[in-house]
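A.B. asks: Below: one structure in structure tokens.
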Ligand SMILES: C[S@@+](CC[C@H](N)C(=O)[O-])C[C@H]1O[C@@H](n2cnc3c(N)ncnc32)[C@H](O)[C@@H]1O
């Protein structure tokens, strides 16, 4: 079918596909797919989340603009677009993440944020950034310690990324910033890392809110992340009105709901790997610690999907009945566990897909926070005009008296 399409289209369009895919450093197939995705999102068919397309502003939404930094595969973007947000700039340097992002949104992200001059970033209402968690996470810290490398702000490369972010905030002064990171950010380095982040943003004149939110309220996965929302004090004053969302219900879905009835046999653990995981768990149990695989309760929720899931899948194993080795999630199931809709194609290898989903933010959580941000923006617009959203010129008092 795609071949038919390419053969039958006019020559100029072929040239355009050829040139644009070349300039975006993507294959013709992925480029055509991304254009189709865009058209599909605009069209009458149900949107990614069974709601009207993000391009048509929803009731309660607000046509704000945002930038998507450290974008990964665009979990922040999906969540913010659902509230009327329009993305005006993206940065993500990983080639595979760029490929997925381009296929999903039809935009090729700019690369290394350190090479981007903040003044080249368009004006925007919300700056969204899931800045890299590695220097601040327990896993990242212990890995770096074992390699004899510095971590946190002392890390000469990744640690300084936060300061690039701070510089962009200082130059562009977005009214709102939305940052996401691992739960451990607050306790890292005895709270020192968090203190520096807080102080940096407060010194830039932002009023901060922060909360650790477990995505288990939206998807059947225990996934705690810190969400920081900052409001520019020079715009909103020192007491902006904002509250974090509550999950829609306790656990709305069970783990079994995201599973396919059958999957490729390659996702079943080999005898060798299964034996290794069991021995590893037994060894650690004997030492009195809880390291080990996670056999998931099909009626419950899973452990956190990590970026290293592709290695052995040990944190989220799926039982397959007595006498059978468990299996790991397929990439599509991993996408569902994160709340990414089935309509979004997986355009990278299994390994890259697991990495991308394990690194991502749950879009439904961003959607819920985005709704509260949009509410805060609307409230600001309304109050700024003395309670009148569209300011009318007042009727002169003398006229009122004249009517009387
Ligand atoms: C924690 S992930 C963010 C994931 C994202 N929130 C999502 O939903 O997919 C951090 C991302 O920052 C990217 N990154 C790290 N250093 C970067 C740099 N110097 N410039 C641009 N992107 C960078 C990584 O490739 C990674 O995808």
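In our numbering, the protein residues as written are 3 to 406. Glycine included, C-beta positions come from ideal geometry on N, C-alpha and C.
As an exercise, report each continuous beta strand (DSSP E) stretch of at least 3 residues that is fully enclosed by the stretch 166-221, in chain order.
C.D. replies: Counting whole runs of 3 or more residues, the stretch 166-221 contains the beta strand (DSSP E) stretches 178-184, 208-216.
A.B. asks: Across which residues does DSSP place residue 71 in a beta bridge pair?
C.D. replies: Per DSSP, 93, 131.
A.B. asks: Just tell me which of 87, 29, 72, 78 has its CA closest to the CA of residue 96.
C.D. replies: Residue 96 has its Cα closest to that of 72, out of 87, 29, 72, 78.
A.B. asks: Give the secondary structure of residue 348 by DSSP, where H, G and I count as helix, E and B as strand, and everything else as coil.
C.D. replies: Residue state, collapsed to three classes: coil.
A.B. asks: Taking Cβ to Cβ, would you say residue 305 is nearer than 9 Å to residue 223?
C.D. replies: Taking 9 Å as the Cβ cut-off, residue 305 and residue 223 qualify as a contacting pair.
A.B. asks: Report the rounded CA-to-CA distance for residue 112 versus residue 91, giving the unit in angstroms.
C.D. replies: So the two alpha carbons sit approximately 8 Å from each other.
A.B. asks: What does DSSP give as the partner residues of residue 297 in its beta bridges?
C.D. replies: 319, per the DSSP bridge assignment.
A.B. asks: With distances taken from each beta carbon to the nearest heavy atom of ligand 1, which residues come in below 7 Å, in chain order?
C.D. replies: Working through the chain, the matches are 72, 73, 74, 75, 76, 77, 78, 93, 94, 95, 96, 99, 113, 114, 115, 116, 132, 133, 134, 135, 160, 163, 182, 358, 361, 362, 363.
A.B. asks: Between the C-alpha atoms of residue 233 and residue 386, what's the straight-line distance to the nearest angstrom?
C.D. replies: Cα-Cα distance, rounded: 15 Å.
A.B. asks: CA-CA distance, residue 220 and residue 345?
C.D. replies: Spanning the two alpha carbons is a distance of roughly 19 Å.
A.B. asks: Only counting runs of 3 or more residues, tell me where the beta strand (DSSP E) segments fall wholly within the stretch 325-379, in order along the chain.
C.D. replies: Counting only runs of 3 or more, we get nothing.
A.B. asks: On a CA-only basis, which of 68, 164, 376 is nearest residue 203? Give me that one, please.
C.D. replies: Taking only the C-alpha atoms, the option nearest residue 203 is 164.
A.B. asks: Hey, residue 130 and residue 181: beta-carbon distance below 9 Å or not?
C.D. replies: Against a cut-off of 9 Å, the Cβ pair of residue 181 and residue 130 comes out as a contact.
A.B. asks: Which residues in the same chain have their Cβ closer than 7 Å to the Cβ of residue 357, if we skip the five residues on either side of it in sequence?
C.D. replies: Here the set comprises 309, 312.
A.B. asks: Which of the three DSSP states is assigned to residue 77 in this structure?
C.D. replies: Residue state, collapsed to three classes: helix.
A.B. asks: Please name the residue, chosen from 66, 101, 88, 93, that lies closest to residue 32 on a Cα-to-Cα basis.
C.D. replies: With distances taken between Cα atoms, residue 32 lies closest to 101.
A.B. asks: Find the nearest neighbour of residue 231 within the set 216, 266, 212, judged by alpha-carbon distance.
C.D. replies: Selected option, being the one with the closest Cα: 212.
A.B. asks: Am I right that residue 75 and residue 362 are in contact with their C-beta atoms under 8 Å? What's the rounded C-beta distance?
C.D. replies: Sure, about 6 Å apart at Cβ, within 8 Å.
A.B. asks: Cα separation between residue 214 and residue 16?
C.D. replies: If I take the Cα positions, the gap works out to 49 Å.
A.B. asks: Taking residue 307 and residue 340 to be in contact with their CB atoms under 8 Å, please state how far apart those CB atoms are, rounded to whole angstroms.
C.D. replies: Rounded, the Cβ-Cβ distance is 7 Å, consistent with contact.
A.B. asks: Are residue 279 and residue 294 closer than 9 Å when you measure CB to CB?
C.D. replies: Yes. Within cutoff.
A.B. asks: Within this structure, are the beta carbons of residue 257 and residue 374 separated by less than 9 Å?
C.D. replies: The answer is no: Cβ separation not under 9 Å.
A.B. asks: If you drop the 5 nearest sequence neighbours on each side, which residues of the same chain put their C-beta closer than 8 Å to that of residue 265?
C.D. replies: Within the same chain, residue 265 has close Cβ partners 329, 332, 335.
A.B. asks: Excluding the five sequence neighbours on either side, which residues of its own chain have a C-beta within less than 6 Å of the C-beta of residue 177, listed in chain order?
C.D. replies: Within the same chain, residue 177 has close Cβ partners 127, 234, 237.
A.B. asks: Please confirm whether residue 162 and residue 116 have their CB atoms less than 9 Å apart.
C.D. replies: Contact: yes.
A.B. asks: Within the continuous beta strand (DSSP E) that includes residue 231, where are the two ends?
C.D. replies: Looking at the DSSP string, the run of the beta strand (DSSP E) that includes residue 231 is 226-234.
A.B. asks: Taking the alpha helix (DSSP H) that residue 287 belongs to, which residues open and close that run?
C.D. replies: Segment 273-288, the alpha helix (DSSP H) holding residue 287.
A.B. asks: With distances taken from CA atoms, which of 87, 352, 77, 384 is nearest residue 67?
C.D. replies: Comparing Cα positions, the closest option is 87.
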